[in-house]
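Since the structure comes first, as structure tokens, the remarks are kept for the end.
See the structure below:
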């Protein structure tokens, strides 16, 4: 909340004003006396006048001081609201809204209505932070606002790695539709193992070769086919000549001379 200090000062002034009024009325009842106050309430038709006089006297006196100092505001505000609600219902409601009308005292309910609603606001946490409770208990009775917890985007965030102030989008000349928002991220499903039916597909053209499958070449395959070379043709005359030569065996001219190894003489013992 940007104007929180201003609100705290205004709440303090409001508490002091309302608390002063309650404190003055309570002190007035002390000076008159609790017994006399009870007789006046009895004359106005208030049920249990003595108990009502004791309650209103001390609640207004102590509650007014609590509002000024800022002590136990929820409790003090609630008790003062109940006090003004009883005064409105049993004393002032039948006299109209104005305290004075045409110079004549009407004893209307305008004052008790304003004081009761102001006490209810203080009881609900509208007393601000300038209180004695804040001083003693360290913000125990403080009401937290969302604006106080999260700083504006153009202020540096304490505790971060880079505390660089960022200006608002309007000050940087960026309109609302200048950049499209990124699409929401979609989590991809985790990979699962493929089944045999998914791996082996279109096996109608496979051929079993030596215990394994060999795919047949398709019409679009352009790989060259290996062809087996034929042996050279031998004529019949050449074949018959070779046959006759084998049958005849080696001739005398074909025998190669054999080489004999000369034996060297042994050395004598002498």
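Numbering (the numbering used here), first residue to last: 1 to 270. All C-beta atoms, glycine included, are put in the ideal place defined by N, C-alpha and C. Since the structure is predicted, the reported quantities are computational estimates derived from the model, not experimental observations.
- When DSSP reads this structure, residue 104 sits in a beta bridge with 101.
- Look at residue 130 here: in three-state DSSP terms it is coil, with no helix or strand label.
- The alpha carbon of residue 97 has as its nearest neighbour, out of 107, 103 and 89, the alpha carbon of 107.
- The Cβ atoms of residue 57 and residue 37 lie closer than 9 Å to each other.
- Of 122, 5 and 40, the smallest CA-CA separation from residue 87 is found for 40.
- By the neighbour-count definition (other C-beta atoms within 10 Å, threshold 16), residue 138 is an exposed residue.
- Only residues of its own chain outside the window of five on either side were considered, and among them 91 have a CB closer than 6 Å to the CB of residue 44, listed in chain order.
- Residue environment: residue 5 is assigned as exposed (fewer than 16 neighbouring CB atoms within 10 Å of its CB, all protein chains considered).
- Distance from the CA atom of residue 110 to the CA atom of residue 85, rounded to whole angstroms, is 12 Å.
- CA-CA distance, residue 74 to residue 24, rounds to 21 Å.
- Here residue 191 carries a coil assignment [DSSP, helix/strand/coil].
- Burial of residue 49 is indicated by the presence of at least 16 other C-beta atoms within 10 angstroms of its C-beta.
- By the C-beta density criterion, residue 103 is exposed, having fewer than 16 other C-beta atoms within 10 angstroms.
- Residue 81 holds the alpha-carbon nearest to the alpha-carbon of residue 63 among 81, 53, 47 and 51.
- DSSP, read as helix, strand or coil, puts residue 84 in helix.
- Distances from the CA of residue 134 to each of 116, 122, 71 and 191 were compared; the closest alpha carbon is that of 71.
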